[in-house]
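What follows is one structure encoded as structure tokens, with my remarks underneath.
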Amino acid sequence: MFDEQSFLRASIAATGVVAAFGIIFGLLSGSFSIAFDGVYSLADAGMTVLALWVSSLIATSAAGDPLSGRMRDRFTMGFWHLEPIVLLLNGTLLMVVAIYALINAVISILKGGHELQFGFAIVYAAFTVLACVIMAITGARVNRKLQSDFIALDVKAWIMSGGIASALLLAFLVGYAAHGTPYGWISAYVDPVVLALVCIVIIPLPIGTVWQALSDILLITPRDLKAHVDCVACDVVQRHGFVSHRAYVAKVGRATQIELYFIVPANLPPRSIEAWDRVRDEIGAAIGDEGHNRWLTIVFTADVEWAE
């Protein structure tokens, strides 16, 4: 069974093979759309390498060995902040590549298109469709358990690549069938037209990932998580006779960062440290999701200024 890092390694290898085939067969067939598919896959492979690196850093820092100890001493706030940065860069790069290809496709159409070798093109498209289907299905199955944003984006990239390859295969078959017939004139337009259509479809796909990554980088508070934390904190305030609370919540990649400040009455009878820790344990259990990816700070103070 794959874990996050092993699947990303397999994805990088598969993407590299598809990219190499795309560039080679793009040159052999004279197809801009196949060359674009190869370059798109190459860019995706580069981003997956970054994702693997960040995933490895997060996993290593969470381990209990001496290496992770040295890393935690150097990066005391962890590596979670790198995840949305990579996702933002990944999605933005794929969109930019597709926009550039769309511009080239429009220019080619305006110039009357171009001829290509349909035999090479069909072989490449069929091979790529098969590879994309296998990787997308495998990634989706693996991510049912792991729930990794990196794998989710990688699966989306394989689906996008598979959609591109499927459209190419259909278009090349149509162009090959029309070649030598009264409709043979369309053969020259098959490559740039299908490239333009594919780009129009795939350009918006990473927008959701880019927006979520940007939200994480800007530390925009998730409404549902904030509502849950406020609900828990209000219950604690009522049951323990506190004055009020302040909650600060953010999601950074796979990590959630929560800071809770409880305003206690100035004349509250003293409690032992162990008693306050039991209240903290109670609050942490009520919030849930305890683990390496939850950063929870709970403070009790009688001075409101410490909570503002």
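The sequence shown begins at 69 in the working numbering and counts up one residue at a time. For every residue, glycine included, the Cβ atom is placed at its ideal position computed from N, Cα and C. Quantities reported herein were computed from a predicted structural model and do not represent experimental measurements.
Between the alpha carbons of residue i and residue j, how many angstroms are there, rounded?
i	j	result
Tyr108	Met228	10 Å
Ile202	Ala82	10 Å
Gly94	Gly187	12 Å
Lys231	Thr365	According to the sequence displayed, residue 231 carries Gly and not Lys. Each residue's alpha carbon lies about 45 Å from the other.
Pro274	Leu156	9 Å
Leu150	Leu120	11 Å
Met115	Ile270	17 Å
His247	Asp259	13 Å
Val117	Glu376	41 Å
Glu358	Leu293	14 Å
Ala239	Val122	39 Å
Cys200	Ile92	18 Å
Ile355	Asp371	24 Å
Val305	Val311	7 Å
Lys319	Cys302	21 Å
Val384	Gly207	The question about residue 384 has no answer here: the residues shown for the chain are numbered 69 through 376.
Ala295	Val332	21 Å
Phe75	Arg307	47 Å
Arg262	Ala220	In the sequence as presented, Arg is not what sits at residue 262; that position holds Val. If I take the Cα positions, the gap works out to 26 Å.
Leu125	His360	13 Å
Ile459	Val297	Here the chain comprises residues numbered 69 to 376, so residue 459 is not present and cannot be evaluated.
Arg339	Glu373	22 Å
Val266	Val85	21 Å
Who are the near neighbours of residue i in its chain, counting only those whose CB is closer than 6 Å to its CB and skipping five residues on each side?
i	result
Pro152	Ala281, Asp284, Ile285, Gly321
Asp105	Gly90, Ile232
Val367	Tyr329
Leu241	none
Arg362	Thr324
Arg348	Ile366
Tyr316	Glu327
Asp112	Thr83, Ala225
Leu162	Pro274
Under the rule that 16 or more other beta-carbon atoms within 10 Å means buried, what is residue i, buried or exposed?
i	result
Thr289	exposed
Trp226	buried
Trp148	buried
Cys299	exposed
Val164	exposed
Leu336	exposed
Ser79	buried
Ala334	exposed
Asp222	buried
Under 8 Å Cβ to Cβ from residue i, same chain only, skipping five residues before and after it: list those, please.
i	result
Val197	Gly230, Ala233, Ser234, Leu237
Ala264	Leu170, Ala173, Val174, Ile177
Arg77	Leu120
Glu183	Gly98, Ser255, Ala256
In chain order, what residues of the same chain lie with their CB nearer than 7 Å to the CB of residue i, ignoring the 5 residues before and after it?
i	result
Val278	Leu156, Gly159, Thr160
Tyr244	Phe186, Ile190
Phe218	Glu72, Leu76, Ala119, Ser123
Ala193	Ala233, Leu236, Leu237, Phe240
Determine, for residue i, whether the minimum Cβ-Cβ distance to residues of chain D falls below 7 Å.
i	result
Pro333	Of the protein chains in this structure there is only one, and it is not chain D.
For this session: May I ask you to verify whether the region 206-213 touches the region 233-253, counting CB pairs closer than 8 Å and requiring at least 3?
Result: no
Problem set entry | Uninterrupted beta strand (DSSP E) stretches inside the region 314-356 (no shorter than 3 residues) | Complete beta strand (DSSP E) runs here, min 3: 323-331.
Exercise. Does the pairing of the region 85-102 with the region 178-192 give three or more beta-carbon distances under 8 Å?
Worked result: Verdict: yes, contact present.
Problem set entry | Secondary structure, alpha helix (DSSP H): runs of 4+ residues fully inside the region 138-184 | 150-178
Exercise. Which residue spans inside the region 202-246 form an unbroken alpha helix (DSSP H) run of at least 4?
Worked result: The region 202-246 is shown to contain whole alpha helix (DSSP H) runs of 4 or more residues at 217-246, in chain order.
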